[in-house]
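All residue numbers for the sequence shown refer to the numbering used here, where the first residue is 287 and numbers rise by one. Built from N, CA and C at the ideal position, the CB exists for glycine as well. Notes follow once the structure below has been shown.
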Amino acid sequence: MTLQDLPQLISFCSEDRMSSTSQQEQGNTSTKPLFTKQIVFPQLTSLRLSSIKTQRIWHSQLSETYCFCLPNLKTIIIEGCHYLQHLLFPSVARNLVHLEQFEIVNCKCLREIIFTGEIKEEQEDVICFPQLNSLVIKDLQNLLNFCSGNYNIEFPLLKVLTIKQCPKLKEFISETKMEGKYESSIQALFNEKAAVPSLERMTLCHLRNVKKMFHDQLLAGSFGKLEEMIVECCDELLALFPSNVFGVLQSLKTLIVGRCDSLEQMFEVGVAVLNNKETHAVDSQLMKLYIYNLPKLKHVWNKDPQGSLTFQNLRKVGVRSCESLKNLFPASIAKDLPQLEYLAISRCGVEEIVSAGDGLEQPVRFEFPR
Numbered sequence: 287m288t289l290q291d292l293p294q295l296i297s298f299c300s301e302d303r304m305s306s307t308s309q310q311e312q313g314n315t316s317t318k319p320l321f322t323k324q325i326v327f328p329q330l331t332s333l334r335l336s337s338i339k340t341q342r343i344w345h346s347q348l349s350e351t352y353c354f355c356l357p358n359l360k361t362i363i364i365e366g367c368h369y370l371q372h373l374l375f376p377s378v379a380r381n382l383v384h385l386e387q388f389e390i391v392n393c394k395c396l397r398e399i400i401f402t403g404e405i406k407e408e409q410e411d412v413i414c415f416p417q418l419n420s421l422v423i424k425d426l427q428n429l430l431n432f433c434s435g436n437y438n439i440e441f442p443l444l445k446v447l448t449i450k451q452c453p454k455l456k457e458f459i460s461e462t463k464m465e466g467k468y469e470s471s472i473q474a475l476f477n478e479k480a481a482v483p484s485l486e487r488m489t490l491c492h493l494r495n496v497k498k499m500f501h502d503q504l505l506a507g508s509f510g511k512l513e514e515m516i517v518e519c520c521d522e523l524l525a526l527f528p529s530n531v532f533g534v535l536q537s538l539k540t541l542i543v544g545r546c547d548s549l550e551q552m553f554e555v556g557v558a559v560l561n562n563k564e565t566h567a568v569d570s571q572l573m574k575l576y577i578y579n580l581p582k583l584k585h586v587w588n589k590d591p592q593g594s595l596t597f598q599n600l601r602k603v604g605v606r607s608c609e610s611l612k613n614l615f616p617a618s619i620a621k622d623l624p625q626l627e628y629l630a631i632s633r634c635g636v637e638e639i640v641s642a643g644d645g646l647e648q649p650v651r652f653e654f655p656r
């Protein structure tokens with residue numbers, strides 16, 4: 287079902303003519319839900335709403351006895367609905383058990399995907415999208431988060447995540463704010479409240495308010511199958527990967543990072559990683575690394591991992607327009623790149639391809655057999 291370019295549409299089915307008439311006389315928008323309790327589409331699998339002026343799509347609370355009006359939805363596409371401030375309530379989200387594709391595009395006033403402002407939760411609760419495969423969030427100029435409060439969101443089958451042009455977004459799932467709790471910390475886009483164990487491809491572009499991509503501690507299993515990651519035009523991003531997530535991102539094969547004006551380092555090698563290098567060495571599956579237009583990037587790796595991280599599968603590396611970059615590979619990584627086939631560096635401040643090798647006890651022979 288597609289509803290498109292219907293500027294006078296208030297509700298799919300009015301509960302009474304009096305309220306409908308009065309709302310038409312008052313103006314352009316309606317706080318009445320587009321779908322009321324009076325109608326059910328038991329076989330509908332696809333819903334597209336485009337350029338509808340409603341402020342609310344579903345009723346805020348669904349009782350246990352109420353039959354959700356769209357129980358078999360597999361696809362939801364919402365675009366150009368500029369009066370929407372929030373899209374789903376928790377009770378509605380829990381009923382989308384068959385949803386596979388979810389796209390929200392160009393809704394100027396949308397602040398949250400799942401709205402919890404009218405609900406008081408004292409204990410943690412879980413919302414699960416058990417069949418969701420693809421999630422696209424694009425051009426939402428006022429979006430603050432996907433969900434907030436004491437909710438953990440689970441996407442057990444999500445494979446593709448795209449978030450673009452959301453300049454106010456800081457946290458995908460925002461924790462309940464306690465007074466003074468987060469004043470001194472930098473909020474991460476992804477924290478331990480998001481579960482994405484099957485995610486394979488992730489694209490993040492034009493997120494101008496994100497300073498940190500990953501929390502130091504992620505939910506066990508999340509991002510473990512991520513193979514491709516693209517990060518572009520995140521102007522406030524300072525660092526990409528904290529050292530604690532290396533073990534989580536072992537499946538990452540393609541990494542593209544560009545046009546992030548504040549990014550200073552990509553891979554953080556912490557003291558804990560160096561201390562555990564003999565028993566907890568991480569073998570990265572990364573095959574392709576492309577970085578470009580990163581004017582403040584000083585390090586790809588902030589320290590030589592000294593064997594705690596290996597990149598033996600790396601085949602293609604491209605670096606362009608990174609004026610502050612002084613070297614590319616730490617010595618311990620450069621000495622073990624048996625698969626490297628392609629290396630291109632241009633318009634950079636690079637003084638040496640391989641760093642001097644702090645911490646190495648004897649001279650190292652570098653071989654690039656391919």
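Annotation: the continuous alpha helix (DSSP H) that includes I619 extends over 617-620.
Cβ-Cβ distances below 6 Å link I619 to F597 in the same chain, with the five nearest sequence neighbours on each side left out; the list follows chain order. Rounded to the nearest whole angstrom, the C-alpha separation of L505 and I296 is 41 Å. Of all alpha-carbon atoms in H345, P357, Q341, V383, the one lying nearest the alpha-carbon of I364 is that of Q341. Non-local C-beta neighbours of D502 in its own chain, meaning closer than 7 Å and more than five positions away in sequence, comprise P528, N530, ordered along the chain. For M515, DSSP records a beta bridge to M488, L541. D521 and I325 have their alpha carbons spaced roughly 46 Å apart. If you draw a straight line from the Cα of E638 to the Cα of L614, it is about 7 Å long. Excluding the 5 residues flanking it on each side, L475 has same chain C-beta neighbours closer than 8 Å at L455, K456, E457, F458, L490, L493, V496, K498, M499, F500, in chain order. Under the DSSP definition of a beta bridge, D411 partners with Y437. A direct Cα-to-Cα measurement between C608 and C546 gives close to 11 Å.
Between P293 and the set S337, F327, V568, the nearest pair of CA atoms involves S337. When only Cα atoms are considered, L289 and P581 end up about 45 Å apart.
Contact between V586 and M552 is confirmed by a C-beta separation of about 5 Å, below the 8 Å threshold.
Under the three-state reduction of DSSP output, N381 falls in the coil class, being neither helix nor strand. Residue burial is scored here from C-beta neighbours: S632 has fewer than 16 other C-beta atoms within 10 angstroms and is therefore classed as exposed. Check the Cα spacing between C393 and each of H372, H384, N438: the tightest is with H372. Note that the C-beta distance between N358 and T322 is not below 8 Å.
Counting only residues of its own chain and dropping the five nearest sequence neighbours on each side, Q571 has a CB closer than 7 Å to the CB of Q536, S537, L538, K539, N599.
Excluding residues up to 5 positions away in sequence, L524, A525, K582, L583, K584 lie with their Cβ nearer than 7 Å to the Cβ of E550 in the same chain.
Taking C-beta atoms as the reference points, N419 and L382 fail to come closer than 8 Å.
Residue range 602-606 is occupied by the beta strand (DSSP E) that includes G604. Around the C-beta of I472, fewer than 16 other C-beta atoms lie within 10 Å, and the residue is accordingly described as exposed.
Secondary structure of V534 (DSSP, three-state): coil.
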